[in-house]
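FYI, the numbering for the sequence shown is 9 to 292, going by the numbering used here. Virtual Cβ for every residue (Gly too), placed ideally from N, Cα, C. Quantities reported herein were computed from a predicted structural model and do not represent experimental measurements.
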Amino acid sequence: MSPNGSDRSPRRTMRRKLPQALALGLVIATATGCSANDLPRLGLPSPVTKDGPLVLHMWQGSWIAALVIGALMWGLIIWSVIFHRRKRTGVELPPQTRYNVPLEALYTAVPIVIVSVLFYFVARDESRLTHVSDKPQHYVNVVGFQWSWAFNYENTETPNEANTDAAYEVGTPAEPPTLYLPINETVQFRLTSRDVIHDFWPVNFMMKMDVSPGLVNKFEVTPTALGTYRGKCAELCGVDHSRMLFNVKVVTHDEYEQHLKELRAKGQAGAVPSGITSMGSEEK
């Protein structure tokens, strides 16, 4: 009892106010933006492809889920520390909870639900990101080698050197190559390696994939923003791995065709060897 005869002690008042404060904080933390576009990118670059925002929104959603769960856990911990501590004049132990089957079942079920929900969204988005069409507008055979890249334009992983529309570009660690892509047109990358495992990562495309010897990996992008962007190898592949860089330049359709014409005029028609001799059914 308080000195004035009321049972509304400061501790009792705090006990009622704390859950309300925690709930208010949770609402504020999760309602700071009205859409995914209003949220911070949390370390990711700006997406510049059609499917890039899909990765960004998945990343933001994972952070929101982690923050909500973290706030709830910390709130429960703080609540327990404050309201279940031993009284200054008391010597008895707080009530002990043992072998509470419903509580233990809850501890098991909640993490399973959280992991299942995250798995569903990851599987759904991965299926979309790795989908490749039968007839994309352009093909680029990306060849990884120690320690740079070659780009076979309008060629598959078994390049046809007689293809009059084809052209190629090869880089070195000292002079990274530049990959030209047309804006708003679908490009299918067919990734091959001459030696060890590399990883093709145009950073702002929000997508990367292993480049493995003896194996063809594929993914598609549709660039949506003009500009020049960075690219790198994301798999430790040897002593000069850090120098295995490239640039990506998104241009108009006419500029893309003009670039291929210039490459052919310099004698870079056809293709460079991709490291793949035959994959059986891998036809353009």
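Test item: CB-CB of residue i and residue j under 9 Å
i	j	result
H206	G152	yes
G235	K257	yes
T260	D59	no
E228	S135	no
W155	D248	yes
L101	R94	yes
V150	F208	yes
L52	V63	yes
P221	D203	yes
C241	L253	yes
G239	P210	yes
L80	D173	no
Delimiting residues of the alpha helix (DSSP H) encompassing residue i
i	result
M217	Premise fails: M217 lies in the beta strand (DSSP E), M217 to V219, not in any alpha helix (DSSP H).
V258	That residue, V258, is in no alpha helix (DSSP H); its beta strand (DSSP E) goes L253 to V259.
R4	With the chain running from 9 to 292 in the structure shown, residue 4 is simply not present.
For residue j and residue i, the rounded distance between their alpha carbons
i	j	result
T232	V118	40 Å
R198	K226	5 Å
A158	A73	41 Å
F6	A113	In the structure as shown, the chain begins at 9 and stops at 292. Residue 6 is therefore absent and cannot be evaluated.
H146	E183	25 Å
D133	Q68	14 Å
P61	I77	24 Å
S250	P181	9 Å
K143	S54	28 Å
R96	L137	60 Å
T200	T105	59 Å
S289	L75	A caution first: S289 carries a pLDDT of 35, below 50, which makes its placement in the model too unreliable to give a value.
Q196	L111	51 Å
F129	Q266	41 Å
V148	A131	26 Å
F127	H139	18 Å
V99	T116	34 Å
G83	V109	23 Å
Contact set for residue i: own chain, Cβ-Cβ below 8 Å, skip 5 residues either direction
i	result
L271	Y161, A175, Y176, E177 and A277
V56	N212, F213, P231, T232, A233, G235, Y237 and V258
Terminal residues of the beta strand (DSSP E) in which residue i lies
i	result
Y237	G235 to C241
L52	Careful: L52 lies outside any beta strand (DSSP E) and carries neither H nor E.
F67	Just to set this straight, residue 67 is Trp in the shown sequence, not Phe. First-last for W67: G60 to F91, but that is the alpha helix (DSSP H), not the beta strand (DSSP E).
S250	Counting along the chain, S250 falls outside any beta strand (DSSP E), and DSSP gives it neither H nor E.
G152	H146 to F153
P190	T186 to P190
E177	A175 to V178
T200	V195 to S201
A277	Taken as a continuous stretch (DSSP letters only), A277 belongs to no beta strand (DSSP E), as it is neither H nor E.
Contact set for residue i: own chain, Cβ-Cβ below 6 Å, skip 5 residues either direction
i	result
Y264	Y188 and P190
Spatial neighbours of residue i in its chain, beta-carbon cut-off 7 Å, leaving aside the 5 residues before and after
i	result
W71	L50
The region 118 to 127 in contact with the region 191 to 200 per 3-pair CB rule at 8 Å: Touching, no, given that fewer than three Cβ pairs across the two stretches are closer than 8 Å.
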